[in-house]
Amino acid sequence: AWGLAGEQLLAPWGFLVHTIVIAAITATTYRIAIARKMVNQYPWIYERAGPFHWRERSGGGIAG
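The numbering of the sequence shown is our numbering, which starts it at 79 and goes up by one.
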């Protein structure tokens with residue numbers, strides 16, 4: 079037994095659960111950061127389409 083919880087220090091199930099939770103948090107915050115960066119860096123091309131997405135502005139962009 080280890081620590082206050084009386085659990086094993088290197089329990090495989092706990093490691094797997096914590097790894098999945100940390101990976102999900104990382105992927106979520108990465109996607110939010112990329113969406114924010116695209117909209118802030120190119121405001122004349124893109125607009126927010128929710129916390130995870132962006133879309134091209136209608137009539138925006140570079141005229142070809």
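Even for Gly, the Cβ is constructed at its ideal location relative to N, Cα and C.
Where residue i sits in the DSSP three-state scheme
{"i": "Tyr120", "result": "coil"}
{"i": "Arg109", "result": "helix"}
{"i": "Ala83", "result": "coil"}
One or two residues paired with residue i in a DSSP bridge
{"i": "Trp91", "result": "Trp91 is not bridged to any residue."}
{"i": "Arg133", "result": "Glu125"}
The ligand FAD heavy atom lying under 7 Å from the CB of residue i
{"i": "Leu87", "result": "The ligand FAD is absent from the structure shown, which contains no ligands of any kind."}
Check whether residue i and residue j have beta carbons under 8 Å apart
{"i": "Tyr124", "j": "Val117", "result": "yes"}
| query | Counting pairs of beta carbons, one from the region 126-136 and one from the region 103-117, are three or more of them closer than 8 Å? | reply | Short answer: they touch.
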